[in-house]
Amino acid sequence: MPRFRPPLGASPESISAVCHDLFRPCHWYVGPSLSVAFETEVAEDVPWEVYQGRLLMPEHARQRRRFTAWNLVQQTDAGPADLPLVSLKFDSAARMIHVVRGILSYVWQNQREETHIVAGTEVPRWVAELVGSVGVLEVDDLDELRDQLTCLLWQAVVGTSRLPLTSLEAPLPAFVFGQLTYLYRPAATDNQPLTDWRQLIELGWQSELGQGESAKLLELILRAARPAELPDTSQRIVSRWRVLGRSPAELRQLLQVVFNDVSLSPWTNFVPNCLALLRGLVAHGVWTTADEIDFLAWLLQKLCRHLTAYDLVTFHHRGANYPDALLLDAALKRYLQLLGAEPGSEEGAGPARRRRRALRQALLARHAYHGHAVPDAPTSPGENIRVLPAPWGRVDDEQVWHPQRRRKFLFAEEPLAKLLGLGHRRAFGRSLDDLAHREELLELGLATFIDRPFGVGKERLEPDQTPLLAHEAFSPRIAQRNLDRLASLAAELGVPLPSAWESWQRDLEEAAEWVPGVPILAVASLERPVAALADARRASDDFIVLRTLPGSRRLLRTCFDWSVLERRFQLQRLWSGATFRCLRLVCGTDQSVVVISADVDAGRGAQSGPRLLLEADPGLGYRNRGGLELPVAGLRIWAVRDDNGADHDLRGEEVRVLPRW
601 MPRFRPPLGA SPESISAVCH DLFRPCHWYV GPSLSVAFET EVAEDVPWEV YQGRLLMPEH
661 ARQRRRFTAW NLVQQTDAGP ADLPLVSLKF DSAARMIHVV RGILSYVWQN QREETHIVAG
721 TEVPRWVAEL VGSVGVLEVD DLDELRDQLT CLLWQAVVGT SRLPLTSLEA PLPAFVFGQL
781 TYLYRPAATD NQPLTDWRQL IELGWQSELG QGESAKLLEL ILRAARPAEL PDTSQRIVSR
841 WRVLGRSPAE LRQLLQVVFN DVSLSPWTNF VPNCLALLRG LVAHGVWTTA DEIDFLAWLL
901 QKLCRHLTAY DLVTFHHRGA NYPDALLLDA ALKRYLQLLG AEPGSEEGAG PARRRRRALR
961 QALLARHAYH GHAVPDAPTS PGENIRVLPA PWGRVDDEQV WHPQRRRKFL FAEEPLAKLL
1021 GLGHRRAFGR SLDDLAHREE LLELGLATFI DRPFGVGKER LEPDQTPLLA HEAFSPRIAQ
1081 RNLDRLASLA AELGVPLPSA WESWQRDLEE AAEWVPGVPI LAVASLERPV AALADARRAS
1141 DDFIVLRTLP GSRRLLRTCF DWSVLERRFQ LQRLWSGATF RCLRLVCGTD QSVVVISADV
1201 DAGRGAQSGP RLLLEADPGL GYRNRGGLEL PVAGLRIWAV RDDNGADHDL RGEEVRVLPR
1261 W
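The sequence shown begins at 601 in the numbering used here and counts up by one.
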């Protein structure tokens, strides 16, 4: 069964005892600039209506419900906030428990003037968001109920998705500014919230935390610490990591999760603090300088693939939300410092070529966005309606919606020619020579997209926490464009082009013939505002989906019990194939189907191509376990191709792969 935390053993005595325990102040971190009050077992009678998984505004609700509530309420100079920051509500009549959070936002309010004309104006107002609900009758015992509510309370603070397309998927502003998080500490004996980031390290960072929870805890620590405290922060993190018995490699993996899941807007001191932590890891002997270089190389390459997939203009409101560009700039500058201090570190093959690749791709991306008009601060239309504290005031809407009204231009004061020394230019020249390797030529058009292929039964506006898969795709058109941009950049830097340049251009023109994969036009659109692989068509309609990334393959194996198929068919090579894809593809005029395919090494003599045809069955709805929604009825299997290449049509049978509850 998916869980948020390992089982604790002893179960609580009652539902009220579960709620009371989970909402004890000792499970919260409250920063020094945030004032809150805890309310316990408050009787509430409030307007309440949920539509497509979302809580309606009180004036639109047609129903009322009675709750026993546990609330965390922000205290301001004007008194307590109108809604709790986080609330746990028990509906004893319906046997349901809800987790709700409050966001102070600008909302439109109608005002009737003397002329009997109704005019609208924006006013600050607290808005309630339903994070999730748990039916008491849906869980096996109170320990499972406690685990589910622990996850929902944590998500109420940190957000429900690593790609925040909606408000609910984004963290609370108090988390972004390092002032609030939820950290269930069942062994805590006191009843006071943590108030200092040092306490988070010493008392909060426990071995039972999962990787996602540890990553968000580390993120919060880096958000809470002031720049002058970073040397002490690094030392304490290193010491705690050693106490937990973790290795430097595990710390690298954790930092990768931090950057994979972080929401960088609004822009704070988080990125400078992260880069300072990397320097601290070297200073304390946990990493070498080469480790820091390699981590930054990973980060730059990941960021460049992300920007190839979701460019600032098409996907970030014509560049209004540009923290990725700021991260690219900060990481690149540190990378250049390290390469300059370690001459020759980018020479040779293997790791050195990966370092040159990161340098080339980062310089290319920064060059592409040089001079792009952006608002005074990165934001989006959704984020700009949140009321944020000074100095993160609201950005003028004119700048968000109209690029011609913007006064700021990316990297305008620091062109690349000003940043690069002679050694950097030589390394850049060698990175151009690397394009003789086809994997380097492919890198010019590689992108990473994410997708939720199993939420097909959900309503258009319904929140979706079904498995989030990541895919690697290649666009020949983007690669050709980037090859041209590299030639322009090389001319600006005075770096000669390799003699094979024209042949590489021809290779990219014929890339569709030698790059194996699935055309993006064959991928079905979900027709809902969620993360979808079909979004790649907005960037370029010639993308070729190369593979589903290994972490997503592991997630699929973990979420569902495939033994019903493995007992009947030989499918070992399905999961061990050289290239694995799980895609929702067009099937007929108005239909789609999830296809799992695996290209096996030719020497092993197995067939390649589609191995499973299946569909999520939404008939019984979805159930959330450990922050992940899975269809209760599981996956309906339509067809199987076994390891021997034999096809089996299962449409006449009821063959289902069920979730691992």
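We treat Cβ as the ideally placed atom computed from N, Cα and C, and that holds for glycine.
In the three-state reduction of the DSSP assignment, Tyr969 falls in the helix class, which pools H, G and I. For Pro607, the secondary structure class from DSSP, reduced to helix, strand or coil, is coil. For Phe1169, there is no enclosing alpha helix (DSSP H), as DSSP gives it neither H nor E. Close CB contacts of Leu820 within its chain, under the 8 Å cut and outside five residues either way in sequence, are with Tyr629, Phe775, Gly778, Thr781, Trp797, Leu800 (chain order).
The Cβ atoms of Gln937 and Ala973 lie no closer than 9 Å to each other. When C-alpha distances from Glu1102 are compared across Asp1084, Glu1113, Glu892, the shortest belongs to Asp1084. By the Cβ test, the region 1192-1200 is not in contact with the region 1222-1233, since fewer than three Cβ pairs between them sit closer than 8 Å.
The DSSP assignment places complete beta strand (DSSP E) segments of no fewer than 3 residues inside the region 736-782 at 780-782, in order along the chain.
Taking the Cα positions, Gly1252 is about 37 Å away from Asp1142. Phe1160 sits buried, since 16 or more C-beta atoms from the chains shown fall within 10 Å of its C-beta. Around the C-beta of Asn921, 16 or more other C-beta atoms lie within 10 Å, and the residue is accordingly described as buried. Residue state for Leu1214 is assigned as strand, using DSSP reduced to three classes. Burial is judged here by how many other beta carbons sit within 10 angstroms of a residue's own beta carbon; Val731 has at least 16 and is buried. Within its own chain, the residues whose Cβ lies closer than 6 Å to the Cβ of Gly1057, once the five positions on either side in sequence are excluded, are Pro1218, listed in chain order. Among the bridge pairs identified by DSSP, Ser687 is matched with Asn671, Val700. DSSP places Thr914 in the helix class (H, G or I) of the three-state scheme. Within the region 1109-1156, the runs of beta strand (DSSP E) at least 3 residues long that lie entirely inside it are, in chain order, 1144-1148. Using a 10 angstroms sphere on the CB of Arg1038, the tally of other CB atoms stays under 16, which defines it as exposed.
Bridge partners of Asp1199 according to DSSP: Thr1179. Residues Val673 of the same chain have their beta carbon placed closer than 6 Å to that of Pro680, with the five preceding and five following residues left out of the count. For the options Ile1196, Pro1129, Phe1169, Trp1261, the alpha carbon positioned closest to that of Asp1243 is the one of Phe1169. In the DSSP annotation of this structure, the continuous segment of the alpha helix (DSSP H) that includes Tyr935 starts and ends at 923-941.
Gln709 and Arg725 have their C-alpha atoms roughly 10 Å apart.
In terms of Cβ geometry, Ala669 and Leu688 form a close pair [threshold 9 Å]. For the pair Gln853 and His906, the Cα-to-Cα distance works out to about 19 Å. Between Pro981 and Trp1001, the CB-CB gap stays under 9 Å.
Shown here, Leu1020 sits in coil according to DSSP, grouped into three states, outside any helix or strand.
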